[in-house]
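Protein sequences appear in the order of chains S and L. Count along the first sequence from 1, then add 15; that gives the number in the numbering used here. Count along the second sequence from 1, then add 15; that gives the number in the numbering used here.
Protein chains: 2
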Amino acid sequence: MEFHNPTFPGQCFFKSILFDSLTPDEIHLMDDVKTEIKYKKGEIICHEGDEINSFYHLKNGLVKLYKVDKSDKEHIISIAKPFDFIGLLSTFSQTHYQYSIAAIEDSVFCVFDIKAIKKLVLLNSKFGMALIENISKITEHVINTRFELNGKLLRGRIAYILLYFSQNVYKSNHFELPLSRKEIAELIDMTTENVIRILSEFRKDQIIKIEGKQIRVLNEDMLRKISVAG
Amino acid sequence: MEFHNPTFPGQCFFKSILFDSLTPDEIHLMDDVKTEIKYKKGEIICHEGDEINSFYHLKNGLVKLYKVDKSDKEHIISIAKPFDFIGLLSTFSQTHYQYSIAAIEDSVFCVFDIKAIKKLVLLNSKFGMALIENISKITEHVINTRFELNGKLLRGRIAYILLYFSQNVYKSNHFELPLSRKEIAELIDMTTENVIRILSEFRKDQIIKIEGKQIRVLNEDMLRKISVAG
DNA sequence: CGCGGCTTTGATGTTCATCAAGTAAAGTGG
DNA sequence: CCACTTTACTTGATGAACATCAAAGCCGCG
């Protein structure tokens, strides 16, 4: 599972890695193969096993990348925010998706034809280099987060995920959890019951305030301590 | 932790992804910045936090990529075999290593100056594309293996790792474990005691034969069943 | 309104880490 | 080369962390 970094400051794909390396002609070329697609919360963008034809860039919203195990249980690999490169994980090494992608909030994508992107890599090596750097950064981050979470006990994982949403996604102490308790469990590898139990403990300890999906972080320092301690 | 695929059939780096995409001139260019370095079993090739100056390609031997947690416990991210691209994980996204690398068998590396490799990417976009595909493949595999192992109970993990060495590394039912019991524990996230305990159980159940580090797989089917069942 | 899904709490059981203690093997220095 | 020390290996007993099971309240939606 993973949390990508918000590495690109610009407004969209073009304003970030592409814009830096592409010529005006090449940008126009990209414009031709670009479409914008909206997905409602809950909708599935692609299924594990589907053929990869497109390169997705999330403009707006929030999605989860996940796999389903043999007991039909979902395991979230990563949550992706705007400017993260969805599908960067297997787009260039596989012909078929190795995981599924679903919107956990209403989302808007820039969708590019994958062949056009690949052509562009061969046409413009600076673009290729930028892509290499970004793929590396994302996967590195996926692996690091997994590593960090594995070392933590359940309370530490819940603290970690709360800080993640509070700081990285919503940048506020007060936010609405986009995930159900069950999905949180799938994200950090524990049972729904324990997610609830620990959230309740945090509430009783005055660390957070809960009203359904509304969460307010009351004691950020404590949360950080719990997260670090594991 | 991870097991890379032996994706490159050739004799060395040049015979695989580079050779396909480089001109003779470019190959000579690479020859100039290439050195060969040998490491004895147990030697550390690089430490987490070291500056990345080189691109390593394992010609011969076996190495482990690992991180050290705050209790000084090692966690193996991946075992790499010849033709795997050591250091492909952060070479292009970081200036410093995010993990350490150590030889678990006597090993020989081709070492390239990292700047030369990066220059080559910009010079030859086909090479860049090949690199993208390989980085993707490796990281994909790292993530997939982690995912698989996470779902398994201890017995399943031991079975998995025994099959891995038997089939992917040594391609024989009889082999010498290159890792200590402790290192196996670090590789699949469990305690040394339990590694020993479960190996003993497998021995009693006639699934394997153990003489120190010599392992013989007696009942491969059973091992596979245990691995899949988790 | 009633049904299914999400949430919550408590009780029970399993898996596994930790602790303890002892043996074997492998270095190390005199 | 042998005593000494350290490191690896092994087994059993205990306890902690967590999953599973069970049961009930809640909410939204057809």
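We put the CB at the ideal spot given by N, CA and C, even for glycine.
Query	Result
Answer yes or no: do Leu135 of chain L and Phe124 of chain L have a C-beta to C-beta separation smaller than 7 Å?	no
Shortest alpha-carbon distance to Tyr185 of chain L belongs to which of L:Leu44, L:His62, L:Ala95 and L:Ile91?	L:Ala95
Looking only at DSSP bridge pairs, what is Ala200 of chain L linked to?	The partner list for Ala200 of chain L (beta bridge, DSSP) is empty, contrary to what the question assumes.
In this structure, what does DSSP give as the bridge partners for Phe124 of chain L?	L:Ile52 and L:Leu73
Select from L:Ile158, L:Glu155, L:Met237 and L:Tyr81 the residue whose C-alpha is nearest the C-alpha of Ile199 of chain L.	L:Tyr81
How many angstroms separate the CA atom of Gln26 of chain L from the CA atom of Lys228 of chain L?	A caution first: Gln26 of chain L carries a pLDDT of 47, below 50, which makes its placement in the model unreliable, though a value can still be read off. Distance between the alpha carbons of Gln26 of chain L and Lys228 of chain L is about 29 Å.
Could you give the first and the last residue of the continuous beta strand (DSSP E) run that contains Glu226 of chain S?	Ile223 to Glu226
Would you call the stretch 109 to 127 of chain L and the stretch 66 to 75 of chain L touching, i.e. three or more CB-CB distances under 8 Å?	yes
For Asn61 of chain L, I'd like the list of residues in its chain whose CB is within less than 6 Å of its CB, leaving aside the five on either flank, ordered along the chain.	According to the sequence provided, residue 61 of chain L is Cys. The question's Asn does not apply to it. Excluding residues within five positions, the ones whose Cβ falls inside 6 Å are Tyr112 and Ile116.
Using a Cβ-Cβ distance under 7 Å, would Leu137 of chain L count as near chain S?	yes
Return helix, strand or coil for Tyr81 of chain L, following the three-state DSSP convention.	strand
Pull the bridge partners of Ala14 of chain L from the DSSP assignment, please.	No answer is possible for residue 14 of chain L: it lies beyond the span of chain L, which begins at 16 and ends at 245.
With a threshold of 7 Å between beta-carbons, can Glu216 of chain S be considered close to chain L, or not?	no
Taking 7 Å as the CB-CB limit, is Asp84 of chain L close to chain S?	yes
Does Thr154 of chain S get closer than 7 Å to chain L when you measure Cβ to Cβ?	yes
Nearest by alpha-carbon distance to Ile91 of chain S: which of L:Lys55, L:Asn165, L:Lys219 and L:Ser242 is it?	L:Asn165
Quick one: Cα of Leu238 of chain S to Cα of Ile173 of chain S, how far?	9 Å
Need the endpoints of the beta strand (DSSP E) that Phe190 of chain L sits in, please.	His189 to Glu191
Would you list the one or two residues that DSSP bridges to His90 of chain L?	L:Lys82
Using DSSP with H/G/I as helix, E/B as strand and the rest coil, what is Gly245 of chain L?	coil
Which of helix, strand or coil does DSSP assign to His111 of chain S?	strand
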